[in-house]
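Report on the following structure.
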Amino acid sequence: MNSTKNTPVYALHNTTNGVRSGILHTRAGAVKTPFFMPVGTRGAVRSLTPEQVKSTGAQLILGNTYHLHLDPGEKTIKKLGGLHAFMNWDGPILTDSGGFQVFSLAHMSKITEEGVTFNNPKNGDKVLLTPEKSMQIQLDLGADIIMAFDDVVGLDDTSRKRETEAFERTHRWLDRSIAEFKLLTKDMEKPPLLFGIAQGGLNKDLRKKSLEMVQSTDVDGIAIGGLSVGEGTPLMHDMLEFLSPLYDPARAHYLMGVGEPENMRFVIEHGIDMLDCVLPTRNARHGSSWITGDKKIHLTNAKYKEDISVIDSGCDCYTCQSGYSRGFLRHQFKVGETLAGTLTSIHNIRYLERLCEEYRQG
RNA sequence: GCAGGGUUAGUGAAGCGGUCAAACACGGCAGACUGUAAAUCUGCUGGCUUAUGCCUUCGUAGGUUCGAAUCCUACACCCUGCA
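In terms of the numbering used here, the first sequence opens at residue 19 and continues consecutively.
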């Protein structure tokens, strides 16, 4: 893949006490690590314009294969100029493969060796997603970082019984993802990057094997999936501490789905280079935000009714710098004005971007 | 003036003899949210105090009944017709 070319995909500049600092090169530009990606599932980071996203310091946006395939469809997006033009974002885009929906929509999907069949919630149509299909869609969309299609399981008893199956299937699907990706990109001048995903639930043995298997391929980056799905901080931290010495240092390490500041600090200090999460935007729309010290406040609380201070006086985000008071934001939340969610999203994403920036060196 | 309808907790609105401190919605208070089926969901929302407990509530004042938000009488206010 791209790692065979002259410029390495990932340039590690510095490692201090487990914290890595470097540059990830994508065809849409180079980005500094560690970094956090806000989630724009359906082609937009909810309630934010690309300019607002950019103002937070976010370098990449994550989009979703499953959602964009259903609506409006990758062919439509391709006709409209590809995902970058479509959503008016010229920075790098990473697309998730749809693997997470195998888990989050498990109750309305059916898994077979071939792939996963979903029921389109809009019209009940059966939608088949396979590793090959996922690659085709992501390439049609024009993403700069493409994720392999994986089999994600939860942590309840039923799911735990599937742990091994999911681990094994994830690797067969990884091989198929890689094969399809190579087939479709062989004539491309500037192909996107492909990342493989390690699974294994909370089983260290499986996790180790899974990571080794992903790293035995020539994918451009290594992702850890299937965590932060309800296992709780101690178990997640324990697993990531266990995995930290096992990563290939020459490639980027992406922990999928983590965005609680406390968790982010821990994992960045244990070798993770990139993260994404819906938390800053979802929490923001629900009225909660982070302030200095990783503390969380509920802006809808009665005690902020006449609070003239900004969300966080130590913050350099647009919302805080503009002087929007907690009292104003509380009011807008209370009356259902979406501006409140927008302004708080800007703050929350900026909070996580600053957190990442503090770890970067050089 | 006559006839009819109405007055229920912060608001709207069910209930029309006991299982009613009173459905439901909104509002209010608090919480949850980790590769977004999430601008969503959960709990609480008369007082005391947390109990298979007590007290005070369904326009006001009386009455009937073992028992009334529910039935009767009077009064107050509101609405709709006819004058």
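Heads up, the beta-carbon is just placed ideally off N, CA and C, and yes, glycines get one too.
message: Please give the ranges of any beta strand (DSSP E) in the stretch 193-242, keeping only runs that are unbroken, at least 3 residues long and fully inside the region.
response: 211-216, 239-242
query: For Asn137, which residues from the same chain have a beta carbon less than 6 Å from its beta carbon, with the 5 sequence-adjacent residues on both sides left out?
result: In the first sequence, counting from the first residue as 1, residue 137 sits at position 119. Closer than 6 Å at Cβ, skipping near neighbours: Met126.
message: Suppose only complete runs of 4+ residues qualify. What are the alpha helix (DSSP H) ranges in the stretch 121-202, listed by chain order?
response: 149-159, 175-179
message: For Glu371 and Thr74, which I take to be in contact (beta-carbon distance under 8 Å), what is that distance rounded to the nearest angstrom?
response: Here residue 371 refers to the residue found at position 353 when the first sequence is read from its first residue. Here residue 74 refers to the residue found at position 56 when the first sequence is read from its first residue. So it is a contact: roughly 5 Å between Cβ atoms.
- request: Give me the Cα-Cα distance between His304 and Pro52, rounded to the nearest whole angstrom.
  value: The count along the first sequence starts at 1 and reaches residue 304 at position 286. The count along the first sequence starts at 1 and reaches residue 52 at position 34. Rounded to whole angstroms, His304 to Pro52 spans 27 Å at the Cα level.
query: Just curious, the alpha helix (DSSP H) that Thr299 is in, first and last residue?
result: Here the question's residue 299 lines up with position 281 in the first sequence. Start and end: 297-303.
- prompt: Helix, strand or coil for Tyr342 per DSSP?
  reply: For the purposes of this step, residue 342 is taken as residue 324 along the first sequence, with counting starting at 1. DSSP places Tyr342 in coil when its eight states are reduced to three.
message: Please report the straight-line C-alpha distance between Ile451 and Lys97, rounded to a whole angstrom.
response: This structure cannot speak to residue 451, because the chain is shown only from 19 to 380.
query: What did DSSP end up calling Arg283 once you bin it into helix, strand or coil?
result: Translated into positions along the first sequence, residue 283 becomes position 265. Looking at Arg283 - three-state DSSP - the assignment turns out to be helix.
query: Which word fits Asp108, buried or exposed, when buried means at least 16 other C-beta atoms lie within 10 angstroms of its C-beta?
result: For this step, residue 108 is matched to residue 90 along the first sequence. Answer is exposed; the Cβ neighbour count stays below 16.
query: Is Gly133 near the ligand ATP, with its Cβ less than 7 Å from a heavy atom?
result: Inclusion of the ligand ATP in the displayed structure is not the case, the ligand content being empty and no account of it being possible.
field: Local Cβ density within 10 Å of Lys151, reported as buried at 16 or more and exposed below that
entry: Stepping through the first sequence from its first residue, residue 151 is reached at position 133. Buried, by the Cβ-count rule.
task: Look up Ser307 in the DSSP assignment and say whether it is helix, strand or coil.
output: Here residue 307 refers to the residue found at position 289 when the first sequence is read from its first residue. Ser307 falls in the strand class under three-state DSSP.
message: On the criterion of 16 or more Cβ atoms from any shown chain inside 10 Å, does Phe260 qualify as buried, or is it exposed?
response: Numbered from 1 along the first sequence, position 242 holds the residue referred to as residue 260. It is exposed - the Cβ of Phe260 has fewer than 16 other Cβ atoms within 10 Å.
message: Starting from Pro56, trace the beta strand (DSSP E) in both directions and tell me its first and last residue.
response: Against the first sequence, residue 56 aligns to sequence position 38. That run of the beta strand (DSSP E) goes 53-56.
- request: Report yes or no: do three or more beta-carbon pairs, one from the stretch 155-167 and one from the stretch 206-221, lie closer than 8 Å?
  value: yes
- prompt: What's the C-alpha gap between Ser39 and His271?
  reply: Taking the first sequence and counting its residues from 1, one reaches residue 39 at position 21. Taking the first sequence and counting its residues from 1, one reaches residue 271 at position 253. Rounded to whole angstroms, Ser39 to His271 spans 11 Å at the Cα level.
query: Three-state secondary structure (DSSP) at Ile364?
result: Within the first sequence, numbered from 1, the residue matching residue 364 stands at position 346. Helix at Ile364.
field: Cut-off 6 Å between Cβ atoms - residues of its own chain near Met274, not counting five sequence neighbours on either side
entry: By one-based count along the first sequence, residue 274 stands at place 256. If we look at Met274 and ignore the five residues flanking it on each side, its Cβ neighbours are Ala241, Gly243.
message: My output table needs one value for Ile79: the three-state DSSP class, helix, strand or coil.
response: What you label residue 79 is simply residue 61 of the first sequence in a count that begins at 1. In the structure shown, Ile79 sits in a strand (DSSP, three-state: E or B).
message: Output needed for Gln379: all residues of its chain with C-beta closer than 6 Å, excluding positions within five of it in sequence on either side, in chain order.
response: Residue mapping note: residue 379 aligns to position 361 of the first sequence, counting from 1. Closer than 6 Å at Cβ, skipping near neighbours: Asn32, Ser39.
task: For Ser363, count neighbouring C-beta atoms within 10 Å of its own C-beta (all shown protein chains included) and say buried if the count is 16 or more, exposed if not.
output: Here the question's residue 363 lines up with position 345 in the first sequence. Ser363 comes out buried.
task: Give the single residue among Glu207, Glu131, Leu86, Asn366 whose Cα lies nearest to the Cα of Leu317.
output: Locating residue 317 in the first sequence gives position 299, where the first residue counts as 1. The shortest C-alpha separation from Leu317 is found at Asn366.
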